[in-house]
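Chemist: Below is the structure I would like to discuss, written out as structure tokens.
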Amino acid sequence: MAERYPQIEAPLVMDSTEVRINQLFDQLVLCLNRRRVELIREFREKREERRAAVSGREQTIRQLQESKANLQSQMKENLLHSMRERMIEEMDDKMRELQVTVRETEVLFQYDAQQIEESISVLGQLIERDIIQTPNYSALQQPSISVGKKGTDDGEITNALGVVFDENTQLIYVAHDIPGRISVFSVTGEYIKTVCKGMFSFPGGIAMSGEDVYVSDAFFHSVYHFKLPNFKLVTKVGKKGNGVGEFNSPWGLAVSIDGSVFVADQYNDRIAVMNAKLKHQHYITHHTMTKPLDVKLLDGSLYVLSITDNPCLHVFSTAGEKLRSFITRSDQGNAQVKVAHTFCFDKKQNILIGDYSDRNIKVFSLDGDLLHTLGDTQDDDKRIVPFGIAVTNSNKIICSSYDTNFGLHIFSQ
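For the sequence shown, position 7 (counting from the first letter as 1) is numbered 7 according to UniProt numbering, and the numbering increases by one without interruption.
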């Protein structure tokens, strides 16, 4: 019987190919693990970057929101400040207007009710008796009041030009240049206020009807329309030229009862006729009328003063029909006037002509007879160079004087 030995299994022997495969597999796993770690790290880094970017955007949004809120708050404050400043300016303007109104009221109502009633009663008696007479011109050789000292401050006048008297308010409006403006005085010579500062260059003419005030400017070749009591500008028309609606150094103005405005269009040798809103209507011309300087209305007729014609005063109908001419003008001794710049009528329909050359005012009848001469004086403070004349309803004579010590003179008995 053969001897039996225990059987021993031989060890598993892997060939080289399998070993190599296992090695490659292990390396692949290791690479995959490394790559996974790298991808996780990259993911975390990008996530942190995105978080940082989101946080930055959120911070930027918060900053923008804060800036927006600050800007809105600042704009609101600026708006409130602007509104507050504007309201303060408007209140100041209203206060100044009220102060001016109070001063005007004080001038207008300087007498008590009893004195006003007495004055009305006396005036009524005078009218009933028809004893309102022509002033005693022989007693009016010199002005009784001279105001508007030469200067450029409020209340001062350098070169007085056009002047008009408001019968409703008993105020005097005098236009002057340097600078171009209108100064307001009472009939007693008290300075009230200044309006239209710097608006004009050479305001030669001024006329009014009710609350409508018209001013001509010879250098701007324009006519202005204002509304009282605050001299609010309604319209301005004109430019230099000779066409319709154009002017060449316009000067004197007159307003008819129906509101028509007559303008002495000086170097266009014509009178421009416009309606109350300064819309052109027609022209008045005549071969005997050249360089018209001033115009006035009396009993439906238009009187035109020329600085060059002889005779120098022409009379037309408002439609333009020539009626007559009278009052001789020249630099000779036998002439009635030398250089006539302005004129007006007193309450007895006498003609007052300002003689620029003789430095006086000459009074004529409607027939052209010389009656009196006013203003001849050697006193420099009372010397006149008349560029504008107006008459009050009590026959006081107002004269605006060019380049003299005082720009406004009042002749009264």
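Glycine is no exception: its CB is placed at the ideal position from the N, C-alpha and C atoms.
1) Please list, in chain order, all residues of the same chain as S144 whose beta carbon is under 7 Å from its beta carbon, the five residues on each side excluded.
2) Start and end of the beta strand (DSSP E) containing L298?
3) Who are the Cβ neighbours of G300 in its own chain at under 7 Å, not counting the five residues just before and after it?
4) Which of the three DSSP states is assigned to V339 in this structure?
5) Go ahead and pull the three-state DSSP assignment for D355.
6) Going by beta-carbon coordinates alone, are G205 and G162 separated by less than 7 Å?
7) Cβ atoms of F316 and I284: under 7 Å apart, would you say?
8) Buried or exposed for I131, please, with buried defined as at least 16 other CB atoms from any protein chain shown within 10 angstroms of its CB.
9) Starting from D265, trace the beta strand (DSSP E) in both directions and tell me its first and last residue.
10) Give me the Cβ distance between residue 430 and L298, rounded to the nearest whole Å; I'm assuming they're in contact under 8 Å.
11) Count the other CB atoms, across all protein chains shown, that sit within 10 Å of the CB of P229; report buried if there are 16 or more and exposed otherwise.
12) Return helix, strand or coil for T17, following the three-state DSSP convention.
13) Determine the direct distance from the alpha carbon of S82 to that of D403, and round the result to whole angstroms.
14) Which residues share a DSSP beta bridge with V100?
15) What separation, rounded to the nearest whole angstrom, lies between the Cα atoms of C399 and N248?
16) Can you tell me whether DSSP reads M274 as helix, strand or coil?
17) At what residue ranges does the segment 139-197 contain a whole run of the beta strand (DSSP E), taking only runs of 3 or more?
18) Compare the Cα-Cα distances from S306 to each of V213, D93, G189 and G354 and report the closest residue.
19) Pick helix, strand or coil for Q27, following the three-state DSSP scheme.
20) Under a Cβ-count criterion, where at least 16 other Cβ atoms within 10 Å of its own Cβ denotes burial, should A69 be classed as buried or exposed?
21) What residue does the beta strand (DSSP E) around G388 start on, and which one ends it?
22) By DSSP's criteria, P250 is part of a beta bridge. Which residues make up the other side?
23) At which residues does the beta strand (DSSP E) containing K322 begin and terminate?
24) Does the Cβ-Cβ distance between E246 and K227 come in under 7 Å?
25) If F185 and I178 are in contact, beta carbons under 8 Å, what's the gap, nearest whole angstrom?
26) So what does DSSP say about A207, is it helix, strand or coil?
27) For a test of the three-state rule: what should DSSP assign to M199, helix, strand or coil?
28) Could you say which of N395, F220 and L30 lies nearest to S201 if we only look at CA atoms?
29) CA-CA distance, V223 and S216?
30) To which residues of the same chain is T17 closer than 7 Å at the C-beta, ignoring the five residues directly before and after it?
Modeler: From the atom records:
1) By one-based count along the sequence shown, residue 144 stands at place 144. Around S144: I410, F411 and S412.
2) In the sequence shown, counting from the first residue as 1, residue 298 sits at position 298. Element bounds for L298: P292 to L298.
3) Start at 1 with the first residue of the sequence shown, and residue 300 comes out as number 300. Closer than 7 Å at the Cβ level, and outside the excluded window around G300, lie T318.
4) Here residue 339 refers to the residue found at position 339 of the sequence shown. Looking at V339 - three-state DSSP - the assignment turns out to be coil, as it is neither helix nor strand.
5) Within the sequence shown, the letter at position 355 stands for residue 355. If DSSP states are grouped into helix, strand and coil, D355 belongs with the strands.
6) Here residue 205 corresponds to residue number 205 of the sequence shown, with the count starting at 1. Here residue 162 corresponds to residue number 162 of the sequence shown, with the count starting at 1. Against a cut-off of 7 Å, the Cβ pair of G162 and G205 comes out as a contact.
7) Against the sequence shown, residue 284 aligns to sequence position 284. Against the sequence shown, residue 316 aligns to sequence position 316. Cβ atoms of I284 and F316: closer than 7 Å.
8) Locating residue 131 in the sequence shown gives position 131, where the first residue counts as 1. Residue placement at I131 cannot be trusted, given a pLDDT of 48 that sits under 50; the coordinates are not used to answer.
9) By one-based count along the sequence shown, residue 265 stands at place 265. D265 -> beta strand (DSSP E) spans V261 to D265.
10) Because the chain spans 1 through 413 in this model, residue 430 falls outside it and cannot be assessed.
11) Here residue 229 corresponds to residue number 229 of the sequence shown, with the count starting at 1. Exposed.
12) Locating residue 17 in the sequence shown gives position 17, counting from the first residue. Three-state result, T17: helix.
13) For the purposes of this step, residue 403 is taken as residue 403 along the sequence shown, with counting starting at 1. For the purposes of this step, residue 82 is taken as residue 82 along the sequence shown, with counting starting at 1. C-alpha separation (whole angstroms): 44 Å.
14) In the sequence shown, counting from the first residue as 1, residue 100 sits at position 100. V100 is not bridged to any residue.
15) Against the sequence shown, residue 399 aligns to sequence position 399. Against the sequence shown, residue 248 aligns to sequence position 248. Distance between the alpha carbons of C399 and N248 is about 25 Å.
16) One-based indexing of the sequence shown puts residue 274 at position 274. Residue state, collapsed to three classes: strand.
17) Listed in chain order, the beta strand (DSSP E) runs fully inside the segment 139-197 are 145-149, 159-166, 171-177 and 180-186, counting runs of at least 3 residues.
18) Within the sequence shown, residue 306 is the residue found at index 306, counting from 1. Of V213, D93, G189 and G354, the residue nearest in Cα terms is G354.
19) Here the question's residue 27 lines up with position 27 in the sequence shown. Reduced to three states, the DSSP call for Q27 is helix.
20) In the sequence shown, counting from the first residue as 1, residue 69 sits at position 69. Around the Cβ of A69, a 10 Å sphere holds fewer than 16 other Cβ atoms; the residue is exposed.
21) Taking the first residue of the sequence shown as 1, we reach residue 388 at position 388. Segment P386 to V391, the beta strand (DSSP E) holding G388.
22) Looking up residue 250 in the sequence shown gives position 250. According to DSSP, P250 bridges with D265.
23) On the sequence shown, position 322 is the one that residue 322 refers to. Note, K322: beta strand (DSSP E), K322 to F326.
24) Numbered from 1 along the sequence shown, position 246 holds the residue referred to as residue 246. Numbered from 1 along the sequence shown, position 227 holds the residue referred to as residue 227. Not in contact: E246 and K227 (Cβ atoms no closer than 7 Å).
25) To locate residue 185, count along the sequence shown from 1; it is residue 185. To locate residue 178, count along the sequence shown from 1; it is residue 178. At roughly 18 Å, the Cβ-Cβ gap does not stay under 8 Å, so F185 and I178 are not in contact.
26) Residue numbering aside, residue 207 sits at position 207 when the sequence shown is read from its first letter. Three-state result, A207: strand.
27) Taking the sequence shown and counting its residues from 1, one reaches residue 199 at position 199. Three-state result, M199: strand.
28) For the purposes of this step, residue 201 is taken as the residue at position 201 of the sequence shown. F220 is the residue among N395, F220 and L30 whose C-alpha sits nearest the C-alpha of S201.
29) Taking the sequence shown and counting its residues from 1, one reaches residue 223 at position 223. Taking the sequence shown and counting its residues from 1, one reaches residue 216 at position 216. Between V223 and S216, the C-alpha separation is close to 4 Å.
30) Indexing the sequence shown from 1 puts residue 17 at position 17. Same-chain partners within the cutoff: there are none.
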